[in-house]
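Peer 1: Below is a structure I'd like to ask you about.
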Amino acid sequence: MVLKFINKMVFLSSTVVGTLGNMSVSVNYMFSWWGSPEKKPIHLILIHLAFTNIILLLTKGLPKIIAAFGLRNFLDDIGCKIIVYLERLARGLSICTSSLLTVVQAIIISPRSSGWRRLRPKSAWHILPFFLFFWMLNALTSMNLIYSITSTSLNISQHKNGDNYCYFTLESQKIKWIGLLIMVLRDAVFQGAMGGASGYMVFLLHKHHQHILYLQNSKLLYRTPPELRAAQSVLLLMLCFVFFYWTDCAFSLILNLSSRDNAWMVNTRELLTLGYATFSPLVLIHRDGLLDKC
Numbered sequence: 007m008v009l010k011f012i013n014k015m016v017f018l019s020s021t022v023v024g025t026l027g028n029m030s031v032s033v034n035y036m037f038s039w040w041g042s043p044e045k046k047p048i049h050l051i052l053i054h055l056a057f058t059n060i061i062l063l064l065t066k067g068l069p070k071i072i073a074a075f076g077l078r079n080f081l082d083d084i085g086c087k088i089i090v091y092l093e094r095l096a097r098g099l100s101i102c103t104s105s106l107l108t109v110v111q112a113i114i115i116s117p118r119s120s121g122w123r124r125l126r127p128k129s130a131w132h133i134l135p136f137f138l139f140f141w142m143l144n145a146l147t148s149m150n151l152i153y154s155i156t157s158t159s160l161n162i163s164q165h166k167n168g169d170n171y172c173y174f175t176l177e178s179q180k181i182k183w184i185g186l187l188i189m190v191l192r193d194a195v196f197q198g199a200m201g202g203a204s205g206y207m208v209f210l211l212h213k214h215h216q217h218i219l220y221l222q223n224s225k226l227l228y229r230t231p232p233e234l235r236a237a238q239s240v241l242l243l244m245l246c247f248v249f250f251y252w253t254d255c256a257f258s259l260i261l262n263l264s265s266r267d268n269a270w271m272v273n274t275r276e277l278l279t280l281g282y283a284t285f286s287p288l289v290l291i292h293r294d295g296l297l298d299k300c
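In terms of the numbering used here, the sequence shown opens at residue 7 and continues consecutively.
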């Protein structure tokens with residue numbers, strides 16, 4: 007009973023803190039974006055990332071909290087399909103948006119003589135087509151879930167997905183492998199772009215630091231330009247993303263290979279799924295001083 011109570015409180019606090027944090031981040035960047043004469047693309051991307059995190063927290067965390075507090079069969083078949091579909095959609099959008107954030111920030115801090123500088127968005131509105139592409143890509147990628155998800159209220163004894171409010175019904179192996187291949191390709195492409203852009207930013211930040219040390223000027227040593235400070239914040243976000251993503255993958259692999267259900271590992275994996283959506287706004291609030299603005 008103590009472990010169940012701790013499980014409820016952890017899910018509740020993670021969902022509430024993450025939702026409030028993402029709401030504060032999105033509201034602050036909305037005000038700064040609309041109030042500034044120069045619309046920064048990074049702010050628009052961060053608003054979209056916060057919105058995506060809110061969808062993930064509400065569709066993943068809220069049903070888990072309701073189920074953990076003892077309410078069973080609170081979703082019908084259609085509601086179950088919508089919740090799980092939006093959860094998978096938001097997870098894919100989070101990966102794509104985080105990758106776009108890293109690439110755009112790397113382009114912004116690139117030297118003027120670099121060829122990457124030509125790809126710098128001239129306005130924030132040039133980012134919108136990428137959002138449209140991400141929504142279409144992930145909506146199509148997650149389409150197979152509509153046919154393979156059903157509610158527990160139907161009392162169908164099928165293969166369960168670890169939640170106690172929805173079931174994964176057994177689908178054809180062909181559709182399963184096609185969907186898995188598309189997801190793996192999507193994650194590999196966007197994480198590859200994220201890794202390359204992050205490595206490039208680390209190189210530029212190291213080069214800038216070496217230049218400051220060469221000048222031997224104590225005033226310049228602790229003065230970081232806003233673009234480089236933003237790059238440091240983005241790198242922290244990417245480290246947070248990589249940690250939660252790959253730890254989640256490791257737990258999923260262990261659970262799939264395990265011959266018996268482990269409630270502790272299932273709950274830990276569920277929390278890891280919410281980890282990036284919960285901690286990423288806290289990183290931004292700490293780095294950009296958004297708490298004072300709130």
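Here a beta-carbon is modelled for each residue, glycine too, at the ideal position from N, C-alpha and C.
Tell me which residues share the same chain as residue 249 and place their Cβ nearer than 6 Å to its Cβ, disregarding the 5 neighbours each side in the sequence.
Peer 2: none
Peer 1: Do residue 282 and residue 246 come within 8 Å of each other at the CB atom, strictly closer than that value?
Peer 2: yes
Peer 1: Less than 8 Å separating the beta-carbons of residue 107 and residue 55?
Peer 2: yes
Peer 1: Return the chain-ordered list of same chain residues with a C-beta closer than 8 Å to the C-beta of residue 191, the five sequence neighbours on each side being excluded.
Peer 2: none
Peer 1: For residue 7, count neighbouring C-beta atoms within 10 Å of its own C-beta (all shown protein chains included) and say buried if the count is 16 or more, exposed if not.
Peer 2: exposed
Peer 1: For residue 105, collect the residues of the same chain with a Cβ closer than 6 Å to its Cβ; drop the 5 residues on either side in sequence, then sort them by chain order.
Peer 2: 196, 199 and 200
Peer 1: Below 8 Å on the Cβ atoms is my guess for residue 60 versus residue 28; work out the distance and round it to an integer in Å.
Peer 2: 5 Å
Peer 1: Closer than 7 Å by C-beta to residue 58: which residues in its own chain qualify, once you throw out the five before and the five after it? Chain order, please.
Peer 2: 96, 99, 100 and 103
Peer 1: Assign residue 187 to buried or exposed, taking buried as 16 or more other Cβ atoms, counted over all protein chains shown, within 10 Å of its Cβ.
Peer 2: exposed
Peer 1: Identify, in the order they occur along the chain, each residue of the same chain with its Cβ nearer than 7 Å to the Cβ of residue 109, setting aside the five sequence neighbours on each side.
Peer 2: 199 and 203
Peer 1: Using CA atoms only, rank isn't needed, just tell me which of 67, 137, 91 and 150 is closest to residue 25.
Peer 2: 67
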